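Just so we're aligned, residue 3 is where the sequence shown starts under our numbering, counting upward by one. Scroll down for the structure; my scribbles are underneath it.
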Amino acid sequence: MESQRSLKKSVINLYGLPSFGFQLFVNMEVFFFAAFLTDFAKIPVATAGTVLMVTSIFDIFWVPTAGVLLEKSNMRWGRYRSWLLVGPPLAAAFFALQFMKIGDPMMNAVLISIGFIVSHLIWNIFYAAHIAMNNSMTTVREERISMASNRGMFNALGSISFSMIGAKMIDFLGNGDKALGCTLTVVASGIVMILCYWALYALTKDYAYHPKAASEAKAEDKMSIGEMLKQIVINPPLIGLMLAELGRYLGRFIIFGMAFYYFKYVVENLGVISIFFTGLNVVCFFGAIATAPLAKKFGERTIYIASLTLFIAGLIIVWVMPMNYISFMVVMFVAYLGYGMPDALGVAMYSATVDYGEWKTGKNARGFIMSLISFPIKTAIFVRSVVITGVLVSAGYVADMAPTPELISGIKNGIALVPAIFIGAGLIIILFLYRLTPEKQKEMQEVIAARKQG
Numbered sequence: 003m004e005s006q007r008s009l010k011k012s013v014i015n016l017y018g019l020p021s022f023g024f025q026l027f028v029n030m031e032v033f034f035f036a037a038f039l040t041d042f043a044k045i046p047v048a049t050a051g052t053v054l055m056v057t058s059i060f061d062i063f064w065v066p067t068a069g070v071l072l073e074k075s076n077m078r079w080g081r082y083r084s085w086l087l088v089g090p091p092l093a094a095a096f097f098a099l100q101f102m103k104i105g106d107p108m109m110n111a112v113l114i115s116i117g118f119i120v121s122h123l124i125w126n127i128f129y130a131a132h133i134a135m136n137n138s139m140t141t142v143r144e145e146r147i148s149m150a151s152n153r154g155m156f157n158a159l160g161s162i163s164f165s166m167i168g169a170k171m172i173d174f175l176g177n178g179d180k181a182l183g184c185t186l187t188v189v190a191s192g193i194v195m196i197l198c199y200w201a202l203y204a205l206t207k208d209y210a211y212h213p214k215a216a217s218e219a220k221a222e223d224k225m226s227i228g229e230m231l232k233q234i235v236i237n238p239p240l241i242g243l244m245l246a247e248l249g250r251y252l253g254r255f256i257i258f259g260m261a262f263y264y265f266k267y268v269v270e271n272l273g274v275i276s277i278f279f280t281g282l283n284v285v286c287f288f289g290a291i292a293t294a295p296l297a298k299k300f301g302e303r304t305i306y307i308a309s310l311t312l313f314i315a316g317l318i319i320v321w322v323m324p325m326n327y328i329s330f331m332v333v334m335f336v337a338y339l340g341y342g343m344p345d346a347l348g349v350a351m352y353s354a355t356v357d358y359g360e361w362k363t364g365k366n367a368r369g370f371i372m373s374l375i376s377f378p379i380k381t382a383i384f385v386r387s388v389v390i391t392g393v394l395v396s397a398g399y400v401a402d403m404a405p406t407p408e409l410i411s412g413i414k415n416g417i418a419l420v421p422a423i424f425i426g427a428g429l430i431i432i433l434f435l436y437r438l439t440p441e442k443q444k445e446m447q448e449v450i451a452a453r454k455q456g
């Protein structure tokens, strides 16, 4: 059974520590995987494209698969907590294979694909396990919000740290060999990630959720795959949150993808783009700090909706107003609070949908539902390239062309109007489908508690 005691301050304050290590670890892929394939491992572009496509499909499929495997697992150190111990070392080993130059290009492409596919399945499981502990360790809404906000801060710190040292580590450790530099950087970041997860594992010994052995497990701990999937269908708040998150992440990834073109062709100052990206991560950090007190006072749903509204308003200003690079960055930094604050709320809001599912069905699919937090991210990454390509084609883009009014207009549409449309669609969806208030959440938890006692 879940512990009903108040959580230790150390658990609340360091709940997000694994996210710091995870961001250091995973950003190698975000920023350097494509470059490693084509430029460092010297894999032909067509083969590299196939690797990227195949691995992306597996990455999406692994999200619900990981949730099912997590719910079916039952290791001795806690259903969710155990994965903090055993998952990271396995994922780090296979992730290193993803960044190794071995053999001829075709063999190398196969080994890299295996490293990607296996490492991502494992890390989706322990990533979901970490997220699920927000729900399993406490039913106190304020504690869940504090931990979710804390995770947002550590997420941002991990991204900021990687942006400052990632490329430098590749150069330093590789000593002229970029491929070797990537391999050693992945090994080093993997060690940091493992230690971060193990630290939380050690801190949470008293809060491990561990149902009885499978043969003796209570009915609510036994769920078929069909019952897990049903938890999505009967859960409008979960559906609304996932679709809103898809719009939010798609908006973010399109902005990131279009930034190069905006700075090069619209404001004509490509040199400050690194300041722009670092500034966005800093905004996320301070947004996460502000989130917890605001959400506790006004409710998670209210702050989420207000944040998306701010994000959309900033994007519309960028789309309508003529700007230089300074005014653009100022407006975007303020608007990006509308991305950063929901980022610090997501875990607590998914936790509430777990309660809703248990209240509705009498069964708790915590691990499965919390694993779905990754689904909008993976889907958005898959879709963004199609959207960005469509924007550039419609603007008549040719590499290194002279800026034309049509190109500038198309790029502004791509970095501002298109993301605003996706985020706006998410805002409308969450308004109608995610109606969980603090009062409703308390009522559901009381019903669940009474049902268990009865």
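All C-beta atoms, glycine included, are put in the ideal place defined by N, C-alpha and C. These figures come from a predicted structure and were not determined experimentally.
What does the alpha-carbon distance come out to for the pair residue i and residue j?
i: V284; j: L159; result: 8 Å
i: N76; j: F128; result: 13 Å
i: I430; j: I275; result: 32 Å
i: W85; j: F42; result: 33 Å
i: V65; j: G301; result: 28 Å
i: F265; j: L272; result: 5 Å
i: L252; j: H122; result: 21 Å
i: G105; j: A315; result: 51 Å
i: F258; j: A451; result: 45 Å
i: S8; j: M343; result: 25 Å
i: G154; j: I59; result: 27 Å
i: L312; j: A337; result: 6 Å
i: F174; j: V47; result: 27 Å
i: T280; j: A382; result: 21 Å
i: A93; j: V120; result: 7 Å
i: F101; j: E445; result: 49 Å
i: I413; j: T363; result: 48 Å
i: S353; j: I390; result: 33 Å
i: F96; j: V388; result: 29 Å
i: V320; j: A201; result: 43 Å
i: W125; j: N157; result: 16 Å
i: K299; j: E441; result: 12 Å
i: G359; j: I234; result: 8 Å
i: M403; j: N415; result: 18 Å
i: N29; j: S161; result: 7 Å
i: N136; j: V349; result: 7 Å
Run through DSSP, which three-state label would residue i get?
i: T304; result: helix
i: R146; result: helix
i: S8; result: coil
i: L438; result: coil
i: I14; result: helix
i: Y338; result: coil
i: P405; result: coil
i: Y364; result: For the record, residue 364 in the displayed sequence is Gly; it is not Tyr. DSSP places G364 in coil when its eight states are reduced to three.
i: W85; result: helix
i: D106; result: coil
i: I291; result: helix
i: K44; result: coil
i: I236; result: coil
i: S138; result: helix
i: R78; result: coil
i: F101; result: coil
i: P91; result: helix
i: G398; result: coil
i: D357; result: helix
i: L245; result: helix
i: G456; result: coil
i: G259; result: helix
i: A215; result: In this predicted model, A215 has a pLDDT of only 40, less than 50, meaning its place in the structure is not dependable; the value taken from the coordinates is given anyway. Coil at A215, not helix or strand.
i: D345; result: helix
i: M351; result: helix
i: T52; result: helix
i: P378; result: helix
i: T280; result: helix
i: D61; result: helix
i: M225; result: coil
i: N126; result: helix
i: V389; result: helix
i: D179; result: coil
i: N152; result: helix
Report, in whole angstroms, the separation of the C-beta atoms of residue i and residue j, which I expect to be a contact under 8 Å.
i: L87; j: Y209; result: Not quite, the Cβ-Cβ distance comes to about 14 Å (not below 8 Å), so this is no contact.
i: G289; j: I432; result: In fact, because the Cβ distance is near 18 Å, the residues do not count as touching under 8 Å.
i: P239; j: L438; result: 5 Å
i: Q447; j: T141; result: 5 Å
i: G428; j: L231; result: The pair is not a contact, with the Cβ atoms about 23 Å apart (cut-off 8 Å).
i: P90; j: Y199; result: 5 Å
Given 8 Å, three or more beta-carbon pairs between the segment 161 to 177 and the segment 50 to 69: No: the two stretches stay apart, fewer than three of their Cβ pairs being nearer than 8 Å.
Cβ contact check for the segment 143 to 155 and the segment 364 to 373: 3 or more pairs under 8 Å: Flag = no, the segment 143 to 155 and the segment 364 to 373 do not touch.
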